[in-house]
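Reviewing the structure listed below.
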Amino acid sequence: MTTAVDPVGRLPEEWREAMQALGEKPFRAEQVFRWIHERGVLDPEQMSDLSKPLREKLKESGFAPPARVAEKHAAADGTRKLVLELHSGARVECVIIPMTDLNDADASAAPEDDDEDRDGSAPGKTRITLCVSTQYGCAMGCVFCASGQAGLQRGLTASEIVAQVLISKQHLEPHEELKNLVFMGMGEPLHHYEETARAIRLLTHPTARGMSPRRITVSTVGLVPGIARLGADFGGKVGLAVSLHAPNDDVRDRIMPMNRKYPIVELMRALREYPLPMRRRITIEYTLMNEVNDEVSHARELVQLLRGLRVKVNLIPMNPISASELKAPSGARVAAFQRVLSENGVSCFVRTRRGDEVSAACGQLAIADDLVRKKRERDAQREANKS
Ligand code: SF4
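All residue numbers for the sequence shown refer to my numbering, where the first residue is 1 and numbers rise by one.
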């Protein structure tokens with residue numbers, strides 16, 4: 001079992017097996033696990049309290065950093081994007097988003113602070129929300145999303161997911177503190193459940209003083225079995241964000257193909273059954289697309305649909321992507337939509353656009369745009385070969 005899991009993706013018990021196989025004492029397992037997940041060291045050569053022969057054995061057994069930083073971009077609003085290159089040549093983006101009073105509330109579905117969380121915050125620190133990817137491309141095909149138009153290339157391993165967090169932490173400024181983690185980059189985390197769940201276990205593991213699962217939010221298109229599994233495996237502690245984007249099946253079927261498999265009624269049932277702790281809410285993501293899902297009548301339907309659920313709604317004026325002609329509504333239409341929700345007691349925020357200059361805003365990850373371009377070139381080539 002152990003050798004099948006990449007070293008960075010191993011849990012402590014798997015490291016114990018690995019150490020046994022290398023003829024080492026079991027306590028080395030915890031030591032190496034902490035080097036990786038507490039100190040963020042991904043190269044055995046830098047694990048200074050291990051003997052040289054053990055470091056050599058680790059390298060020979062295939063322990064190497066799962067990713068390296070290929071590019072770094074910064075936007076004027078403080079958002080930074082790291083482009084990481086994985087061993088296979090795949091590239092993924094992680095987005096570092098500083099939280100301000102203005103964006104705290106909407107904050108890419110970051111959980112609201114409660115007393116317990118405030119106690120854990122270091123004074124004077126800028127809190128960071130980090131957005132990571134779980135797949136290279138995406139199989140869900142949402143029409144407004146560049147990743148969906150690119151199609152799925154492959155799922156990331158847990159070690160590749162965790163490496164995004166560990167490497168991003170090394171790029172924080174001294175006054176910054178990673179506070180929230182959102183699985184909202186490229187890919188559908190629950191379509192890739194095993195690796196997503198393993199990554200959460202690694203990131204929250206007490207041996208390495210990991211994050212609280214309450215600071216992690218998984219965003220899903222609405223894969224009903226995956227929502228149930230996540231709730232059961234983590235007792236509802238992991239935050240849930242749902243990309244709803246439509247108030248009825250008619251609209252949702254057109255923009256999100258997965259809705260035909262898991263229609264809204266089933267999705268709403270799964271949300272009602274999610275074991276949400278007291279004082280927590282599910283985030284409903286609603287991308288507003290001009291004259292598609294942004295009518296006042298849609299807002300009224302949404303109010304009815306969400307009645308009785310503990311939710312907050314993030315309204316996201318659509319970010320332009322090259323793969324789609326859909327566009328954002330005018331400010332007046334956004335305001336009218338929001339007013340209906342607010343007047344009916346639905347907590348909602350319009351998400352501020354963060355990181356536009358570095359193509360880091362939701363749904364427009366530049367790598368996905370690049371994948372779409374390559375897919376078009378392949379399709380065109382196929383057509384040309386036929387004729
Ligand atoms: S919105 Fe999310 S689930 Fe839909 S295609 Fe894009 S990455 Fe995939």
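Don't be surprised by glycine CBs; every beta carbon is placed ideally from N, CA and C.
Euclidean distance between Cα positions of residue i and residue j
i	j	result
TYR136	HIS171	22 Å
LEU341	GLU285	13 Å
GLU176	ARG127	6 Å
MET140	GLY148	6 Å
TRP15	HIS87	22 Å
GLN390	ARG378	The displayed coordinates of the chain run from 1 to 387. Any statement about residue 390 would go beyond what the structure contains.
GLY40	ALA90	22 Å
THR217	VAL32	27 Å
ALA332	ARG300	17 Å
SER168	LYS386	45 Å
LEU306	SER297	14 Å
ARG254	ALA270	22 Å
ASP388	TYR274	Summary: the structure shown does not reach residue 388, with the chain confined to residues 1 through 387, and so no result is reported for it.
ALA361	ASN319	Because ALA361 sits at a pLDDT of 47, beneath the cut-off of 50, its placement in the model cannot be relied upon, and the point is left open.
VAL292	THR157	36 Å
MET211	ALA29	20 Å
ARG279	ARG214	12 Å
LEU11	VAL303	43 Å
LEU309	ALA18	46 Å
LEU181	GLN164	11 Å
HIS245	LEU288	7 Å
LEU202	ILE282	23 Å
ARG382	LEU315	39 Å
ARG154	THR196	13 Å
ILE240	PRO53	Residue identity check: residue 240 is Leu in the sequence provided, not Ile. Distance between the alpha carbons of LEU240 and PRO53: 44 Å.
ALA150	VAL83	17 Å
ALA107	ALA328	No answer about ALA107 holds up, because its pLDDT of 45 lies below 50 and its placement is not dependable.
VAL224	GLU56	45 Å
ALA391	ALA208	The first residue shown for the chain is 1 and the last is 387, placing residue 391 beyond what the model contains.
LEU276	ARG229	13 Å
GLU343	ILE264	24 Å
ALA105	PHE349	In this prediction, ALA105 has a pLDDT of 45, which is less than 50 and means its spatial position is unreliable; what the coordinates show is noted afterwards. Taking the straight line from one Cα to the other gives about 7 Å.
ILE96	GLU60	33 Å
PHE183	VAL162	11 Å
ASP119	ALA336	Summary for ASP119: the model assigns pLDDT 44, below 50, so the residue's position carries little reliability; its value from the coordinates is reported in the next sentence. ASP119 and ALA336: Cα-Cα distance of roughly 38 Å.
LYS179	ALA384	50 Å
ASN259	GLU266	10 Å
ASN290	VAL238	32 Å
SER133	GLY187	6 Å
VAL5	MET268	35 Å
ASP250	GLN338	21 Å
The ligand SF4 heavy atom lying under 7 Å from the CB of residue i
i	result
CYS94	no
MET278	no
GLU24	no
CYS138	yes
SER243	yes
GLY9	no
SER324	no
GLY148	yes
MET211	no
VAL471	This structure does not reach residue 471, given that the chain is present from 1 up to 387, and the question cannot be answered.
MET186	yes
GLY226	no
GLY155	no
GLY78	no
CYS142	yes
CYS131	no
CYS145	yes
Nearest-angstrom Cβ-Cβ length linking residue i and residue j, presumed shorter than 8 Å
i	j	result
GLY185	GLU93	6 Å
ARG198	GLY9	6 Å
MET99	THR79	MET99 to THR79, Cβ: 11 Å. No contact.
ASP49	PRO65	19 Å between Cβ atoms; not a contact.
TYR262	GLY235	Their Cβ separation, rounded to whole angstroms, is 23 Å, which puts TYR262 and GLY235 out of contact at 8 Å.
VAL346	VAL313	6 Å
Cβ-heavy atom distance, residue i to the ligand FMN, below 7 Å
i	result
LYS179	This structure does not include the ligand FMN; its bound ligands are the ligand SF4.
Only counting runs of 4 or more residues, tell me where the alpha helix (DSSP H) segments fall wholly within the region 9 to 42, in order along the chain. 12 to 21 and 27 to 37
Would you list, in sequence order, the uninterrupted beta strand (DSSP E) runs of no fewer than 3 residues that lie entirely inside the region 219 to 292? 239 to 243 and 282 to 288
Please specify which runs of the alpha helix (DSSP H), each continuous and at least 4 residues long, are wholly inside the region 182 to 220, giving them in chain order. 193 to 203
Whole alpha helix (DSSP H) elements within the region 291 to 316, 4-residue minimum: 296 to 306
Could you tell me which whole alpha helix (DSSP H) segments of length 4 or greater appear in the region 130 to 181? 146 to 150 and 158 to 170
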